[in-house]
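Using the numbering used here, you'd call the opening residue of the sequence shown number 3 and step up by one each time. C-beta: ideal position from N, C-alpha, C; glycine also. Note that the coordinates shown come from a computational prediction; the quantities given were computed from them, not determined experimentally.
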Amino acid sequence: MFYTSTRNKNLKVTGAEAILKGLSDEGGLFVPTTMPTLDLSSLIDAPLSYRNVAYEVLKLFLTDYTEEELRYCVDNAYDEKFDVPDKVVMKETKGDVYFLELFHGKTIAFKDMALSILPYLMTTAAKKCDLKEKIVILTATSGDTGKAALEGFLDVPGTGITVFYPYGGVSKVQELQMVTTKGSNTKVVAIKGNFDDAQTGVKNIFNDSALKQEMKEKGFVFSSANSINIGRLLPQIAYYVYSYLYLVKNKGLKAGESINVVVPTGNFGNILAAYFAKRMGLPVDKLVCASNKNRVLTDFFEEGIYNRNRDFYLTNSPSMDILISSNLERLLYFAAGESDEKVNELMKSLKETGKYELDEKMQNFMSDFIAGSADEEETLAAIKNVYETEDYVIDTHTAVGRAVLSKLEGRLEKKPVVIASTASPYKFAGAVIKAIAPEYNELTDFEKLDKLEILSKVEKPLAVKEIINAEIRHKTVCEISEMKDVIL
Ligand SMILES: *Cc1c(COP(=O)(O)O)cnc(C)c1O
Numbered sequence: 003m004f005y006t007s008t009r010n011k012n013l014k015v016t017g018a019e020a021i022l023k024g025l026s027d028e029g030g031l032f033v034p035t036t037m038p039t040l041d042l043s044s045l046i047d048a049p050l051s052y053r054n055v056a057y058e059v060l061k062l063f064l065t066d067y068t069e070e071e072l073r074y075c076v077d078n079a080y081d082e083k084f085d086v087p088d089k090v091v092m093k094e095t096k097g098d099v100y101f102l103e104l105f106h107g108k109t110i111a112f113k114d115m116a117l118s119i120l121p122y123l124m125t126t127a128a129k130k131c132d133l134k135e136k137i138v139i140l141t142a143t144s145g146d147t148g149k150a151a152l153e154g155f156l157d158v159p160g161t162g163i164t165v166f167y168p169y170g171g172v173s174k175v176q177e178l179q180m181v182t183t184k185g186s187n188t189k190v191v192a193i194k195g196n197f198d199d200a201q202t203g204v205k206n207i208f209n210d211s212a213l214k215q216e217m218k219e220k221g222f223v224f225s226s227a228n229s230i231n232i233g234r235l236l237p238q239i240a241y242y243v244y245s246y247l248y249l250v251k252n253k254g255l256k257a258g259e260s261i262n263v264v265v266p267t268g269n270f271g272n273i274l275a276a277y278f279a280k281r282m283g284l285p286v287d288k289l290v291c292a293s294n295k296n297r298v299l300t301d302f303f304e305e306g307i308y309n310r311n312r313d314f315y316l317t318n319s320p321s322m323d324i325l326i327s328s329n330l331e332r333l334l335y336f337a338a339g340e341s342d343e344k345v346n347e348l349m350k351s352l353k354e355t356g357k358y359e360l361d362e363k364m365q366n367f368m369s370d371f372i373a374g375s376a377d378e379e380e381t382l383a384a385i386k387n388v389y390e391t392e393d394y395v396i397d398t399h400t401a402v403g404r405a406v407l408s409k410l411e412g413r414l415e416k417k418p419v420v421i422a423s424t425a426s427p428y429k430f431a432g433a434v435i436k437a438i439a440p441e442y443n444e445l446t447d448f449e450k451l452d453k454l455e456i457l458s459k460v461e462k463p464l465a466v467k468e469i470i471n472a473e474i475r476h477k478t479v480c481e482i483s484e485m486k487d488v489i490l
C-alpha cells in the first residue's frame, strides 16, 4: 500500500513516510493509492474486541509496518486509559438509533480514539525511516484535538508539541484542560483569531520551505497531529466497523444489511473515516453530514458550491465552528476520479476567491452523503428531548447530529442508525445545563459540573476531576502574525 498526494499524483510514499510528514510538500493531503477491502465475515466470526478491529483495519493500510509493530501501537494506545472495557459504548435509544460513544478516552472527546495511537504510529515510523531529527508537532485546535494531542505526545521521547487554539473560542473545560497540561515537551498558545486562522497559520508554516530548512539545520522536523495527517484518519475507520459488528453480534442485524451513519462534522475528518469504511465494503447506506450554524458543508452538499465567504459564528458546539473543512480535499480527489489537476484547480479557487463549484460529475459522486444543519436552539432542544425521553444526556456536538437526523429522517431509508457521539456532556456542561436545567444557568462552571452529575446519573470523568485544582502552566497569547515567531 502506498500513498500519494491530492495535489501531486507523481508522489508515492509509504504509510510511515506519510504519517511522519503529515502534509505533502506542495500542500496536498496524503491518500491511499488503492482502497483495501474488509474481510467482514472473518471479523464477524472473531470475538468482538476493539483492539482486534483496530488492528485488522490498520494492517490493510499500513502494510509497511510489521505485525509486531502494529500490535505494539494498538495495544499501547487502547489500554486502561479508556474508562470502559471495550474503549467505546453503543447506547441504544428508541427507533433503532444508537449513540456510538467515542468519548471514553483521556480527554473525553472522540479525538482520543486516533490521538491515543498517533504518537505510537509516528515514533514507530521515525524508527523505520531512520529519522535523526526531533519531531515537532504543530496543531491547530478548535478545542478537542489540542488536548488529545497534548496528552498523546506528552513526554514522548524524540517529540515536542505546540498547540494553537482560538482565544475565547473554546469551552471553559476545554481551555482548562489545555492550559493545565503538564510535560516537558508541551506548549499551548492562544491566538487572537478563530480556528480557521489557526489552521491556516499552521498550514502556512508547513508550506514555508525556508523555515523548514532552518529547523532542519537545528535538528527538528515538523509534523501534524491534525486530521490532515493520514495517521489520524485511519484509526477512526475502526469504530465504524466496530459499531457494525456490534449490531450484527448483539442486535440481530443480518450480515450484509446496511445502516445509516450520522456524524457531527467540522473538519470533515470523522465522516471521511466513515466514508473510507464504506468504500472498504462496510454496509453503510447514507453518510449524514451534520453541521451547526456554520453550515458551509450543508450548502456544499445541497448546491455543489463550497463558499466560505460568509459570517462565522461561535456556537455552543465550538469544535465544529469551522469554515474550511480540510479533509474535504480528500473526498474531492476521489470525486474527481483521482485527478490532482482538478484538486489543484479547486484549491486555487478556494484560496483566491474563497469558493469553488463542482461539475456535474463530481456532484453526482456525492450521493453517498446527505447533509443538514441545526442551529443552537435546535441543538439544545435535541439535548432536552433525548434527556426527557431516554433519561440520557448527550453533549452539544452529538446533539447537532441527533437534531439533523430528525430533520432528515424522511429522506432516509428505514435502517438502524449509528450517531457518532463525539464528546462527553461534561465537556460542554454550560450549554447542556441550559438545555436540561436552565434554573442552574447562574451557577459557576464548576457548580454546573456537580449538578450534571446528579442530573445525568453518570459520575464525573477523571479528566474533569483533574482540572478543578490543577495549576495553569500555559499563558501565552499571540497575534496570528506571530505564530511563526512563537515556534522559533
Ligand atoms: C473535532 C470534533 C468534531 C468534528 O470532527 P471533524 O473530524 O473535525 O469533522 C465534532 N465533535 C467534537 C466533540 C469534536 O471534538
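Contacts around residue i, its chain only, beta-carbon distance under 6 angstroms, and the 5 residues preceding and following it disregarded
{"i": "valine 402", "result": "Pro266, Ala292, Asn294, Ser319, Ala376 and Thr381"}
{"i": "leucine 117", "result": "Ala150, Ala151 and Gly154"}
{"i": "leucine 62", "result": "Pro38"}
{"i": "lysine 174", "result": "Asp447"}
{"i": "leucine 31", "result": "Thr8, Ile230, Glu331 and Arg332"}
{"i": "glutamine 365", "result": "Gly306"}
{"i": "glycine 24", "result": "Ser225, Ser226 and Asn231"}
{"i": "phenylalanine 278", "result": "Ile239"}
{"i": "isoleucine 469", "result": "Leu178, Gln179 and Thr182"}
Chain-order list of residues whose beta-carbon lies under 7 angstroms from that of residue i (same chain, five-residue window excluded)
{"i": "leucine 249", "result": "Leu255, Ile261 and Pro418"}
{"i": "alanine 276", "result": "Tyr242, Val263, Val265, Val286 and Leu289"}
{"i": "histidine 399", "result": "Pro266, Ser319, Ser321, Met322, Thr424 and Ala425"}
{"i": "isoleucine 21", "result": "Leu123, Met124, Ala127, Asn231, Ile232 and Gly233"}
{"i": "tyrosine 244", "result": "Tyr52, Val55 and Val90"}
{"i": "glutamate 94", "result": "Tyr100"}
{"i": "alanine 472", "result": "Thr182"}
{"i": "aspartate 98", "result": "Pro418 and Val419"}
{"i": "lysine 214", "result": "Phe224"}
Same chain, Cβ closer than 8 angstroms to residue i, neighbours up to 5 away in sequence not counted
{"i": "valine 479", "result": "Tyr169, Val191, Ala192, Ile193 and Lys194"}
{"i": "lysine 357", "result": "Ile307, Tyr308, Asn309, Arg310, Asn311 and Ser351"}
{"i": "tyrosine 57", "result": "Leu72, Arg73 and Val76"}
{"i": "tyrosine 442", "result": "Ile435, Glu449, Lys450 and Lys453"}
{"i": "isoleucine 46", "result": "Leu247, Val250, Lys251 and Ala257"}
Pairwise C-alpha distance: residue j and residue i
{"i": "glycine 160", "j": "alanine 128", "result": "9 angstroms"}
{"i": "lysine 136", "j": "arginine 310", "result": "36 angstroms"}
{"i": "lysine 251", "j": "alanine 48", "result": "10 angstroms"}
{"i": "methionine 322", "j": "serine 226", "result": "19 angstroms"}
{"i": "asparagine 228", "j": "valine 172", "result": "17 angstroms"}
{"i": "phenylalanine 2", "j": "phenylalanine 4", "result": "Nothing about residue 2 can be reported from this structure: the residues present for the chain run from 3 to 490 only."}
{"i": "lysine 462", "j": "alanine 212", "result": "47 angstroms"}
{"i": "aspartate 370", "j": "methionine 217", "result": "43 angstroms"}
{"i": "leucine 13", "j": "glutamine 201", "result": "24 angstroms"}
{"i": "leucine 50", "j": "phenylalanine 105", "result": "19 angstroms"}
{"i": "aspartate 507", "j": "leucine 64", "result": "The question about residue 507 has no answer here: the residues shown for the chain are numbered 3 through 490."}
For residue i, the nearest candidate out of the options (CA to CA)
{"i": "glutamate 82", "options": "Lys93, Tyr67, Met115 and Ile137", "result": "Met115"}
{"i": "aspartate 447", "options": "Lys108, Val466 and Phe222", "result": "Val466"}
{"i": "leucine 236", "options": "Met217, Val263, Gly271 and Thr202", "result": "Gly271"}
{"i": "glycine 162", "options": "Leu178, Ile139 and Tyr335", "result": "Ile139"}
{"i": "isoleucine 207", "options": "Phe224, Lys89 and Asn196", "result": "Phe224"}
{"i": "threonine 36", "options": "Ser51, Ser26 and Gly17", "result": "Gly17"}
{"i": "serine 186", "options": "Val165, Gly203, Asp157 and Gln201", "result": "Asp157"}
{"i": "threonine 143", "options": "Glu392, Gly258, Phe197 and Ser44", "result": "Phe197"}
{"i": "isoleucine 438", "options": "Thr424, Glu449, Lys453 and Lys429", "result": "Lys453"}
{"i": "leucine 42", "options": "Phe222, Asp393 and Met282", "result": "Met282"}
{"i": "glycine 432", "options": "Ile421, Glu392, Glu444 and Gly233", "result": "Glu444"}
{"i": "proline 427", "options": "Leu407, Lys386 and Asn269", "result": "Lys386"}
{"i": "alanine 425", "options": "Gly107, Thr391 and Leu213", "result": "Gly107"}
{"i": "glutamate 304", "options": "Gly339, Leu490 and Met368", "result": "Met368"}
{"i": "alanine 240", "options": "Ile372, Ile119 and Lys220", "result": "Ile119"}
{"i": "glutamate 359", "options": "Ser341, Met485, Phe302 and Lys353", "result": "Phe302"}
{"i": "lysine 363", "options": "Ser341, Glu354, Gly145 and Glu379", "result": "Ser341"}
{"i": "leucine 134", "options": "Val460, Gly221, Lys205 and Val204", "result": "Before going further, note that residue 134 is lysine rather than leucine in the sequence given. Of the candidates Val460, Gly221, Lys205 and Val204, the one whose C-alpha sits nearest the C-alpha of lysine 134 is Gly221."}
{"i": "valine 406", "options": "Val395, Asn346, Asp393 and Val420", "result": "Val420"}
{"i": "leucine 274", "options": "Leu299, Lys253 and Glu259", "result": "Leu299"}
{"i": "aspartate 146", "options": "Lys429, Ile456, Ser458 and Leu457", "result": "Lys429"}
{"i": "glutamate 455", "options": "Glu343, Leu348, Glu259 and Tyr394", "result": "Tyr394"}
{"i": "serine 408", "options": "Glu354, Asp397 and Ala384", "result": "Ala384"}
Any non-hydrogen atom of ligand 3 within 8 angstroms of residue i CB
{"i": "isoleucine 163", "result": "Ligands present in the displayed structure are limited to ligand 1, and ligand 3 is not among them."}
In chain order, which beta strand (DSSP E) runs of at least 3 residues are fully inside the stretch 363 to 439?
371 to 375 and 419 to 423
Whole alpha helix (DSSP H) elements within the stretch 15 to 45, 4-residue minimum:
17 to 23
Identify every run of the alpha helix (DSSP H) within the stretch 286 to 355, keeping only runs that are complete inside it and at least 4 residues long; order them along the chain.
298 to 305, 330 to 337 and 342 to 355
Can you give, in chain order, each stretch of the beta strand (DSSP E) that sits fully within the stretch 208 to 283 and has at least 3 residues?
222 to 226 and 261 to 266
Inside the stretch 106 to 166 only - alpha helix (DSSP H) runs reaching at least 4 residues
113 to 117, 120 to 130 and 146 to 155
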